[in-house]
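For reference, the structure discussed in these notes is given below.
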Amino acid sequence: MPRVLRKWLAPGSGVLLKNFWGVLTDMPATLLPWQLEQWETVTSQVAANRLPHALLLAGPSGLGKRQFANRLIDWRLCALHDEYEEACGTCPNCLLRLAETHPDRFVLMPEEGSGQIKIDQIRAMVDWAYQTAQRGEGKFVLIEPAEALNQQAANALLKCLEEPPEGTHFVLIADTPGQLLPTIRSRSSTLFFRTPQATVATDWLGQQPGFQPNHSVLLQIAGGAPLAVQDMIEADYLDSRRAVLRVFSMLKNGESPVAAAAFVSQQLPDAVISVMVSLILDLLRMVRGDRNIRHEDVMDQLVSLADNVPELRWFSLLDYLVECRALLASGANPNRQLMMEGLCIRTAEAVG
0 MPRVLRKWLA
10 PGSGVLLKNF
20 WGVLTDMPAT
30 LLPWQLEQWE
40 TVTSQVAANR
50 LPHALLLAGP
60 SGLGKRQFAN
70 RLIDWRLCAL
80 HDEYEEACGT
90 CPNCLLRLAE
100 THPDRFVLMP
110 EEGSGQIKID
120 QIRAMVDWAY
130 QTAQRGEGKF
140 VLIEPAEALN
150 QQAANALLKC
160 LEEPPEGTHF
170 VLIADTPGQL
180 LPTIRSRSST
190 LFFRTPQATV
200 ATDWLGQQPG
210 FQPNHSVLLQ
220 IAGGAPLAVQ
230 DMIEADYLDS
240 RRAVLRVFSM
250 LKNGESPVAA
260 AAFVSQQLPD
270 AVISVMVSLI
280 LDLLRMVRGD
290 RNIRHEDVMD
300 QLVSLADNVP
310 ELRWFSLLDY
320 LVECRALLAS
330 GANPNRQLMM
340 EGLCIRTAEA
350 VG
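Heads up: the sequence shown at position 146 corresponds to 145 in numbering that gives the first Met the number 0, and the numbers run straight through without jumps.
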């Protein structure tokens, strides 16, 4: 497609458009401002015909690593990848991708409810990887999160990385690459993603729909990850935090855990747990004199909560929160009211 036509079709908008034949097309999303250096690295590798057979995208969550991986894979599977540095969105290969039927793309993610990528999934991928690419543009395997590989699956993947199938590339995404087998890391070329400067992140967030001035505090809570801020806005994180702080105060003042549970049960359990974990980690930082406090805007309330509460109690409550989070992640459907009551009882024991 001529570049001038692509301009009028608004490349980089990340929206579905129609080409001249009325077919829906998928224009690739614009690179995020803090990803330009990483994109230059991979495009230079492609230009030199040296794209690694295994690429590990590593860095904190909320930086758009999955978006980056999809942009790379979509571009290389596009029939016009030699002409542009992004997927055209209109060729037969791109239309197959848009329909989620591209035969040369394989995605490995945890099975629903398990939280793990298992050996059978790796075996299916290996059988697929050693077949010839059907569309002639190579083959790509996306693994996310790579930390979800269980021991057997990781060992099986390692064998594949040691003797990679010709024309097949692996893209692994990891928030905590240290959890991967050292041999998997050594067989992969690592591309690091770091949190952008606050001004860069704030400027970008300010251009996104739904962002309000009071949301600026979320960037510090999110550890500087702009996409995490977007998720927090969508989930009404500040409302959940207000509710959790109110529950802490109620229980600190000796009110009934059942009453506190009734109050907070209007919030989603995973939101309550996420906020509580974040606040407790800040409480522990305060106790240890760490100045890296994320909820600095509610410091006075944190100081009040920490008063006369032994550090061990916070660790015990954290352990319980981790158990609750694992229960929710397992695919179970626990009774919300009972979970909140149990959580409030344990919290009352901690702060009382």
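Ideal Cβ placement from N, Cα and C applies to all residues, glycine included. Source: prediction; values computed, not measured.
query                                                                                                                                                                     : result
Grab me the residues of residue 335's own chain with a C-beta within less than 7 Å of its C-beta, minus the 5 sequence neighbours each way, in chain order.               : 264, 268
For the candidate residues 297, 279, 242, 276, whose alpha-carbon lies nearest to that of residue 261?                                                                    : 242
Are at least three pairs of beta-carbons, each pair with one atom in the segment 194 to 209 and one in the segment 168 to 180, less than 8 Å apart?                       : no
Spatial neighbours of residue 312 within its chain, please: CB distance less than 7 Å, with the 5 preceding and 5 following residues excluded, ordered by chain position. : 349
So, at 8 Å on beta carbons, what are the nonlocal neighbours of residue 40 in its own chain, with the 5 sequence-adjacent residues on each side left out?                 : 190
Nearest by alpha-carbon distance to residue 84: which of 29, 120, 181 is it?                                                                                              : 29
In terms of DSSP beta bridges, what is residue 347 paired with?                                                                                                           : BP columns for residue 347 are empty, so no partner.
Among 80, 54, 53, whose alpha-carbon lies nearest the alpha-carbon of residue 46?                                                                                         : 80
Report the three-state DSSP secondary structure of residue 192 (helix, strand or coil).                                                                                   : coil
Do residue 281 and residue 301 have their C-beta atoms closer together than 8 Å?                                                                                          : yes
Where does residue 138 sit, in a helix, a strand or coil, going by DSSP?                                                                                                  : strand
Roughly how far, in whole angstroms, is the beta-carbon of residue 279 from the beta-carbon of residue 237, given that I think they are within contact range, below 8 Å?  : Actually they do not touch by this definition, with Cβ atoms about 18 Å apart.
Quick check on residue 25: does DSSP put it in helix, strand or coil?                                                                                                     : Caution applies to residue 25, whose pLDDT of 47 falls short of 50 and renders its modelled position unreliable; the value that the coordinates give is listed next. Three-state DSSP puts residue 25 in a strand.
Could you tell me whether the segment 31 to 39 touches the segment 52 to 72, where touching means 3 or more Cβ pairs closer than 8 Å?                                     : yes
When you compare only the Cα positions, how much space is there between residue 347 and residue 142?                                                                      : 41 Å
Please list the segments of the beta strand (DSSP E) lying wholly inside the segment 146 to 227, counting only runs of 3 or more residues, in order along the chain.      : 167 to 173, 188 to 191
From 130, 101, 62, 106, pick the residue whose C-alpha is nearest to that of residue 35; which is it?                                                                     : 62
For residue 110, is the classification buried or exposed, using 16 other Cβ atoms within 10 angstroms of its Cβ as the cut-off for buried?                                : exposed
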